[in-house]
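Everything on this sheet refers to the single structure shown next.
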């Protein structure tokens with residue numbers, strides 16, 4: 518059994534760690550509320566824009582933007598959104614495991630794979646996974662800006678326009694609630710046609726002014742940027758929720774460990790006192 522002094526040192530060390538994890542839990546809870554507000558305020562715009570684009574994709578127009586054209590899928594591009602920091606439980610690894618399964622399936626079927634990585638953890642993981650990385654960006658902070666995403670997004674969309682990839686998938690952690698974050702792989706390009714049955718049962722014809730090419734070039738680029746930005750916001754809210762839960766678990770585990778160490782310390786102290794009493798009794802008997 519360890520000595521009482523050694524156990525006291527362990528208890529002090531665990532209590533110090535507990536203070537840190539408790540503080541991190543409170544910080545994550547505060548940041549999670551702000552991240553949720555930002556994500557929730559952006560969701561209606563993203564959903565409305567997605568519906569509009571779904572209508573356009575289902576429409577019958579003379580001009581078909583390259584983003585709308587389905588073609589044989591020989592190469593797939595993945596835009597992977599991760600966190601910049603750790604200490605958020607299995608959030609990143611759950612997403613990476615799902616994406617790796619998708620990539621392995623694509624490679625096994627003879628397709629090529631290219632990736633754009635958003636977030637420091639994605640780069641550190643996929644740099645060792647042997648996949649082709651054509652762009653990366655990290656350091657979003659707690660207030661991600663759409664402007665910071667444009668460069669990396671354009672690299673992938675340009676690859677699509679050049680025929681280097683035939684499909685683009687967006688990978689991120691979708692925020693459901695504080696306890697549940699879902700790893701998601703969503704088709705971004707070619708544009709998915711809306712699932713609305715009323716749209717499918719009608720022919721949508723739009724009148725574009727001044728010119729469909731000019732309008733669609735702007736609108737569709739804005740759509741891609743907004744979808745990726747929304748994914749970053751979803752991932753940020755997921756990160757803070759996962760970190761809060763992870764730090765709460767660490768704080769509770771530290772409390773349990775302190776209780777166990779305190780019991781061990783009491784036993785060690787009792788054993789030490791008993792040994793001293795035995796020595797005294799033995800000495801007295803010898804006299």
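In the working numbering, the protein residues as written are 518 to 804.
Note that the Cβ used here is the ideal one computed from N, Cα and C, for glycine as well.
From a predicted model like this one, the values you see are computed outputs, not experimental measurements.
Taking C-beta atoms as the reference points, residue 670 and residue 742 count as a pair closer than 7 Å.
In this structure, the alpha-carbon of residue 762 lies about 39 Å from that of residue 788. Short of 7 Å from the beta carbon of residue 616, and not among the five residues preceding or following it, lie these beta carbons of its own chain, in chain order: 595, 597, 688, 702. Pairing residue 535 with residue 758 gives a Cβ-Cβ distance that is not under 7 Å. Note on the segment 647-706: whole beta strand (DSSP E) runs with a minimum of 3 residues are 649-654, 684-692, 698-706, in chain order. Excluding sequence positions up to five before and after residue 778, its CB lies within less than 8 Å of the CB of 524, 527, 528, 531, all in the same chain and listed in chain order. According to DSSP, residue pairing for residue 631 in a beta bridge involves 594, 649.
For residue 754, the CB contacts under 7 Å within the same chain, skipping 5 residues up- and downstream, are 549, 552, 553, 556, 692 in chain order.
Within the model, the alpha-carbon separation for residue 612 versus residue 727 is close to 43 Å. Non-local C-beta neighbours of residue 631 in its own chain, meaning closer than 6 Å and more than five positions away in sequence, comprise 594, 649, 651, 682, ordered along the chain.
Residue 781 has its alpha-carbon roughly 10 Å from the corresponding atom of residue 775. Residue 700 is classed as buried because its beta carbon has at least 16 other beta carbons within 10 Å across all chains shown. Taken atom to atom, the span from the alpha-carbon of residue 563 to that of residue 543 is near 30 Å. Collapsing the DSSP output to three states places residue 644 in coil. DSSP places residue 709 outside both helix and strand once states are collapsed to three, so it counts as coil. Per DSSP, reduced to three states, the secondary structure at residue 624 is helical.
Buried is the label assigned to residue 745, since at least 16 other Cβ atoms lie within 10 Å of its Cβ. At a Cβ-Cβ threshold of 7 Å, residue 740 and residue 570 count as neighbours.
Sequence-distant Cβ neighbours of residue 588 in its own chain, meaning closer than 7 Å and more than five residues away, are 683. Here the alpha carbons of residue 559 and residue 582 stand approximately 26 Å from one another. A Cβ-Cβ contact shorter than 7 Å links residue 584 with residue 708.
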